[in-house]
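Be aware that the sequence shown starts at 1, since it is given in UniProt numbering, and climbs by one per residue.
Beta carbons: idealized from backbone N, C-alpha and C, even for Gly.
Here the structure is a predicted model, which means the values were calculated and not measured.
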Amino acid sequence: MADPIPIQIRETVRTGLQRFANARAATLALRPDTPVYCFRPAQLEADARAFRDAFPGRTAYAVKTNPHPLVLDTLARSGVDAFDVASPAEFRMARAAAPQAALYYMHPVKAATAIREALTSYDIRHFAIDHENEAAKILREARAAGVDTPDLTLFVRLATRSHAVYELSRKFGAAPGHAVELLQRVHRLGARAGLCFHVGSQVEAPDAYATALKTAQWVRARAGVPVAALDIGGGFPARYGVDRRRKRPPTPTPGELIPRILRAVESTGFADVPLVAEPGRVVVARSLSVIVRVLLRKGQRLYINDGIWASLSDAWTGKLTLPVHLIPEPGRLKPKGDPKRVIPFRIMGATCDSVDILSRPFWLPETVATGDWIEVGHIGAYSLSLRTDFNGLCPDSFVEVDAPFRT
Ligand SMILES: *Cc1c(COP(=O)(O)O)cnc(C)c1O
């Protein structure tokens, strides 16, 4: 079995990173010409704790959001004991960090060999389905592996309608009528039946959960079979930067949003059903920033050494305004302009690709110049997991930073 985690990364995790008080201190010490990630373990622990304190069910961190060993090890140390996983490589990464953790295999479409590995090597007993043939596939593999059907929980994934930066019901989920049939079938086959949904990532309409819960209530009532668990998925929004020309969508904190969801859980009759949630973004977004360098300024365009094929893919597709701080090159001559005047700069990515231009500007002092650095905040979610080696420009340097990123 191949270890997906390169030896030198585990070594770094064991021996510790170079540590700085803040990103400015790291920048002035290292003067980096390639991007440097600033990891904030205390922020990660605090954000994971805030979610778990607000949510009374089981919190299964969505590994795909950021599977770096620094992140998974910190979460495991802070007590996270369940993970939402989608592939054998993710099983291995979660277990390497937390050997006792419960794994929930919540991808609705899985390879038979991956199901077998889940059942036999990882004791995984929780699976998502949105079609009868996927249920048949799982039960066939369970029979072959000698796993008793009543030990399995098959979560029927509901299609939902919501407003999120990423909508996922275009791809996954059973319509309500179909979900009724699936729930009954799972019950008839002798497995435990669960319900799950995922309202999308970076939800912009916080009542999406209540709407999905109403669908779940309807499906459960029609199916008339016991529901062993309810998984409310991920999607909890992180708070990013402010684009002065746009209205900011609502971004309630877990402490604000989860009590609302719990009231909807109660009013839809699920108060007696064990709950699971699969947060990703809201747990990990603030735990990383990246220090990038301005390679060239052309008017109001900044060419930087990072971009959509490296750390900033999610910001590009999700049209997120990221919070930024300017770290001027101390050696340069007196800047032109007013350092207090903040204006939008168009951000050109590092690769030769013409689409490598961010969809939202960075708001920076008009004095920014070639050779300056920018600390880009809140990139912990969907950055490291979406990096590519396009043009040979895959960033992979990390430092630890004590001070939180202030917006
Ligand atoms: C991606 C994903 C998550 C995590 O979503 P966030 O928006 O990062 O919280 C949770 N559950 C499923 C099924 C997912 O696909």
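With DSSP as the reference, label residue i as helix, strand or coil.
i	result
Ile5	Note on Ile5: pLDDT 47, under 50, position unreliable in the model; no value is reported.
Leu393	coil
His131	coil
Trp316	helix
Ile343	strand
Ala159	coil
Ser385	helix
Met348	strand
Tyr209	helix
Leu17	coil
residue 415	The chain is shown from 1 up to 407; residue 415 falls before or after that span and cannot be answered.
Ser267	helix
Ser121	helix
Val284	helix
Trp309	coil
Glu181	helix
Thr251	coil
Ala62	strand
Asp231	strand
Pro404	coil
Val273	coil
Ile379	coil
Leu111	Reading the sequence as shown, one finds Ala at residue 111 and not Leu. Looking at Ala111 - three-state DSSP - the assignment turns out to be coil, as it is neither helix nor strand.
Glu141	helix
Glu90	helix
Val80	coil
Ile45	Sequence check: residue 45 is Glu here, not Ile. Residue state, collapsed to three classes: helix.
Ala238	coil
Lys214	helix
Val219	helix
Which residues does DSSP list as the beta-bridge partners of residue i?
i	result
Thr153	His126 and Arg192
Cys38	Ser289 and Val399
Pro365	Val342
Tyr105	Val85 and Phe127
Arg297	Leu302
Leu326	Ile374
Ala174	Leu158
Ile357	Met348
Taking Cβ positions, are residue i and residue j nearer each other than 8 Å?
i	j	result
Val324	Leu295	no
Ala175	Ala210	no
Pro237	Val203	yes
Arg157	Ile129	yes
Phe405	Gly377	yes
Ser289	Val71	no
Val36	Ile291	yes
Val199	Ala208	yes
Val273	Leu230	yes
Trp373	Ile308	no
Gly234	Ser201	yes
Ile343	Glu366	yes
Ala23	Val368	no
Pro206	Arg246	no
Ala216	Leu195	yes
residue 422	Ala54	Any question about residue 422 goes unanswered here, given that the chain covers just 1 to 407.
Phe172	Pro108	yes
Looking only at its chain, what residues have a beta carbon closer than 6 Å to the beta carbon of residue i, apart from the 5 residues adjacent to it on each side?
i	result
Pro41	Thr74
Asp396	none
Phe127	Tyr105, Ile138 and Leu154
Ser313	Leu386
Arg58	Ala82 and Val276
Tyr303	Leu295, Leu296 and Met348
Thr370	Val294, Leu296 and Arg297
Phe345	Gln300, Leu302, Pro361, Phe362 and Leu364
Ile124	Leu103, Tyr105 and Ala118
In its own chain, which residues sit with a C-beta less than 8 Å from the C-beta of residue i, not counting the 5 before and 5 after it?
i	result
Asp33	Arg293 and Asn305
Tyr122	Phe91, Arg95 and Leu103
His187	Ala193, Ala223, Val225 and Pro226
Ala2	Low local confidence applies: a pLDDT of 40 at Ala2 is under 50, so the model's placement there is unreliable, and no value is given.
Val355	Ile308
Output needed for residue i: all residues of its chain with C-beta closer than 7 Å, excluding positions within five of it in sequence on either side, in chain order.
i	result
Ile7	Residue placement at Ile7 is flagged as unreliable, the pLDDT there being 45, under the threshold of 50; the coordinate-derived value follows with that caveat. No residues qualify anywhere along the chain.
Asn66	Val284, Gly380, Ala381, Leu384 and Ser385
Pro249	Glu204
Thr149	Leu139, Ala142, Leu189, Gly190 and Ala191
Phe51	Thr59, Pro254, Pro279, Val282 and Val283
Glu45	Thr74 and Ser78
If we cut at 8 Å on Cβ distances, does residue i have a partner in chain C?
i	result
Ser267	Here chain C cannot be found, since the structure has a single protein chain.
Taking three-plus beta-carbon pairs below 8 Å as touching, is the stretch 81 to 98 in contact with the stretch 295 to 305?
no
Tell me whether the stretch 275 to 294 and the stretch 238 to 258 touch, counting them as touching only if at least three CB pairs, one residue from each stretch, are closer than 8 Å.
yes
Mind the definition here: the stretch 70 to 84 touches the stretch 109 to 119 only if three or more C-beta pairs lie below 8 Å; say whether that holds.
no
Quick one: any contact between the stretch 305 to 322 and the stretch 333 to 353, if contact means 3 or more CB pairs under 8 Å?
yes
Pair every Cβ in the stretch 318 to 338 with every Cβ in the stretch 229 to 245, then say whether three or more of these pairs are closer than 8 Å.
yes
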